[in-house]
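So the structure is just underneath, and the comments pick up after that.
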């Protein structure tokens, strides 16, 4: 509450305030001691992943017999692991197929959650209707319910209720139910975060638009959406990482045709775990996309963290 | 400006999505299309005469959900090719590492598979309790009665109704060793439990290897299961089958002196610092050594004996020859009192059907067809308790030569003197057999005493 009494803030000012916050945090965290601690933690944190990457390029027998650090004294590298997990025989991976499954699951799920979340957030912050606050509290409260509780009932609906029962149980149409499941489970958080962001938008803008004769649909499209693009981007990244890394939903609702990469990686090691050297390459294949997303959209990611954490 | 960039960005994402969808559609159809049956089949031709009795179907699909995956699943798929072509039934093999948990979720969510080979009679009981499993058809029941030994049928039976015919089998009462090492040192294969202990002493004193035994209990979520096999094998040997049955049926408590005695007998080897843990460390290292790596020190010459099931044959490093004259082989874990016969501990799967569609029953019946059983064995590294399985058809995967360890397993299974018993932990309620019993073994081997471990397992037994 210590911030200034803002004079009619424009869209730029909202973003400006966020970057001012970012600057403050940046200033606080640049003391040499903090830097040293951060570097040490980051190094320790990265060592296992680094070992994983090195291991994934080592031959099977080396992985099984010795630790990855021995590679420095006795280097031998191969692409065999990647070849096997990406394009191997039909049941020992073929992660290339499941990689696409993950894309097909993740991208629409993120799009749908953002779309519906933004609509809901708009209705909850800029439309006046009875019981609005109660609905908002209910949505917020739903975050507390663990999604595990909904798995069996939801599966029951998907397998017997119309229109889902029309889907071929083994077919690729089953992606639809995974989308719906992810969107359902993601909605409370997306709505909540977008609502926070949207209700900070200056009311004058909406009023001016209304005076000019814009209805809600028009205001949403022409004024709100352009202003919340940074929020959409950062929440989109969170959702993307969450859905990409999800195992449980994919495992329960996926079939052998539609399961995501994570579920396929979990089965890579073979019936009795004898092929665990494949996990090194498999894990790295599943990590590549989240890493790329994070590195290329880091800016939004940090902004999203700040949007949630530093209010007022 | 920002808005315009965003819009352009979203078009790019949308088109990327379109491409991805199209690609996945291709991927899906190509992997699904590998095993298409010509609907209607060609029953008339001589080629299909052997499976004519299973009928022909149009557009029928049967999903088999299983914990068997990877190359082993591929061998199953291969074994179905002929049947699929002739009957028009498309069999989809769906293997998952989370099979035990997922099967129950799918059943409760009205999304059960058509068939599932269940490795635990305890789980079969649970599923029957949920009214999920259909009793075997009359045809299946009659065929099973003719094809399998009577005790195997009891594991597929719940409350007097026969549900699930046996599928694969494995024998667990084996001790792996290096024939060359034994020969070089003049060690003989022990025929009784006392000889086994005496041999352990000899090896420990000889100093030829690090320690006589190597053991590994670690196995992820299932850590501890190799330990339960030790206790079960010793229960069978010291107490006989009647007490063994009372034990897993909980007619005697888990902390009964007889059970504690079995723990102590196992402890004489597993908790003896002079005997374990070859090539790895002290007694406690048993808990952290992976089951997959448990026997590896034999190949490295650090340990002489490793008690593990026949399926451990797959775990040896590449290039290890498994044969009586090879690098490693296994001998039958000797009985305490040879006069009481040859108790054999083992495991296997039971093929439960979750609906009574004609195609489901046809596949269930086909999976005990004597031709299929022998063809499946020829693909390698797979045996069953089926009486029609011929040992000459039990081959290895790699070079399709006779598979000595599996042939030995079949001989033990088919030996009229063998007294076969199913793995007790698989028949106990899951909260014990796949829970406290496993954890108890880890606690026990890391220092807890027999009494406190058996007491706490007894306490965890579900009431009813």
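Chains as they are written, first to last, in our numbering: chain A, 1028 to 1339; chain B, 2 to 465. We put the beta carbon where it would ideally sit given N, CA and C, even for glycine.
| Asked | Found |
| --- | --- |
| Can you find the residues in the same chain that come closer than 8 Å, C-beta to C-beta, to residue 219 (chain B), ignoring five residues on each side of it along the sequence? | 288, 289, 290, 291 and 292 |
| Specify the secondary structure class of residue 1222 (chain A) as computed by DSSP and reduced to three states. | helix |
| In whole angstroms, give me the CA-to-CA distance for residue 208 (chain B) and residue 230 (chain B). | 28 Å |
| Please list the segments of the alpha helix (DSSP H) lying wholly inside the stretch 217 to 253 of chain B, counting only runs of 4 or more residues, in order along the chain. | 226 to 249 |
| For residue 132 (chain B), tell me which candidate among B:440, B:113 and B:140 has the shortest Cα-Cα distance. | B:113 |
| From this set, B:225, B:202, B:248 and B:238, which residue's C-alpha is nearest residue 270 (chain B)'s C-alpha? | B:202 |
| How should residue 1105 (chain A) be labelled, buried or exposed, when 16 other C-beta atoms within 10 angstroms of its C-beta is the threshold for buried? | exposed |
| Which residue's Cα is closest to the Cα of residue 1085 (chain A): A:1324, A:1304, A:1323 and A:1327? | A:1304 |
| Under 9 Å between beta-carbons, which chain A residues line up against residue 370 (chain B)? List them in chain order, please. | None at all; the shortest Cβ gap to chain A is about 23 Å. |
| Where does residue 360 (chain B) sit, in a helix, a strand or coil, going by DSSP? | helix |
| Beta-carbon separation of residue 175 (chain B) and residue 305 (chain B) under 9 Å? | no |
| Residue 176 (chain B) lies in the beta strand (DSSP E); which residues open and close that run? | 175 to 178 |
| Use the C-beta contact count for residue 1161 (chain A): other C-beta atoms within 10 angstroms, 16 or more gives buried, fewer gives exposed. | exposed |
| Nearest by alpha-carbon distance to residue 52 (chain B): which of B:66, B:71 and B:89 is it? | B:89 |
| In terms of residues, what are the limits of the beta strand (DSSP E) holding residue 344 (chain B)? | 343 to 354 |
| Tell me which residues share the same chain as residue 191 (chain B) and place their Cβ nearer than 7 Å to its Cβ, disregarding the 5 neighbours each side in the sequence. | 197, 200 and 335 |
| Would the stretch 1227 to 1242 of chain A and the stretch 1201 to 1211 of chain A be scored as touching if the rule is three or more Cβ pairs under 8 Å? | no |
| Chain B partners of residue 1293 (chain A), CB-CB under 9 Å? | 97, 98 and 99 |
| Quick one: grab the DSSP three-state call for residue 304 (chain B). | strand |
| Classify residue 118 (chain B): buried if its beta carbon has 16 or more other beta carbons within 10 angstroms, exposed otherwise. | buried |
| Enumerate in chain order the residues of its own chain whose CB-to-CB distance from residue 1139 (chain A) is below 7 Å, with the five nearest sequence positions on each side excluded. | 1206 and 1210 |
| Here's the rule I'm using: 16 or more other beta-carbon atoms within 10 Å means buried, otherwise exposed. How should residue 1319 (chain A) be labelled? | exposed |
| Less than 9 Å separating the beta-carbons of residue 1112 (chain A) and residue 1295 (chain A)? | yes |
| If the criterion is Cβ atoms closer than 9 Å, does the pair residue 173 (chain B) and residue 348 (chain B) meet it? | yes |
| Which full runs of the beta strand (DSSP E) of 3+ residues lie inside the stretch 1194 to 1277 of chain A, going along the chain? | none |
| Keeping to the same chain, check which residues put their C-beta closer than 6 Å to that of residue 407 (chain B); ignore five residues upstream and five downstream. | 384 and 395 |
| With distance defined between alpha-carbon atoms, name the residue in B:129, B:392 and B:143 nearest to residue 159 (chain B). | B:129 |
| Rank A:1192, A:1165, A:1193 and A:1109 by C-alpha distance to the C-alpha of residue 1312 (chain A) and give the top, closest one. | A:1109 |
| Could you tell me which uninterrupted alpha helix (DSSP H) segments, each at least 4 residues in length, are contained entirely in the stretch 141 to 210 of chain B, listed from first to last along the chain? | 151 to 156, 180 to 186 and 194 to 207 |
| Using a Cβ cut-off of 9 Å, pull out every chain A residue sitting near residue 68 (chain B), in sequence order please. | 1298 |
| Helix, strand or coil, according to DSSP, for residue 1039 (chain A) in the structure here? | Any reading at residue 1039 (chain A) is ruled out, since the residue's pLDDT is 48, under 50, leaving its predicted position unreliable. |
| How long is the line joining the alpha carbons of residue 139 (chain B) and residue 366 (chain B), rounded to whole angstroms? | 10 Å |
| Mind pulling the alpha helix (DSSP H) runs of 4 or more residues that sit fully within the stretch 248 to 293 of chain B? | 258 to 271 and 286 to 289 |
| When you compare the CB of residue 93 (chain B) with every CB in chain A, is at least one pair closer than 9 Å? | yes |
| Looking at the secondary structure, which residues open and close the beta strand (DSSP E) in which residue 1283 (chain A) lies? | Element bounds for residue 1283 (chain A): n/a, residue is neither H nor E. |
| Where do the ends of the alpha helix (DSSP H) carrying residue 1317 (chain A) lie? | 1305 to 1323 |
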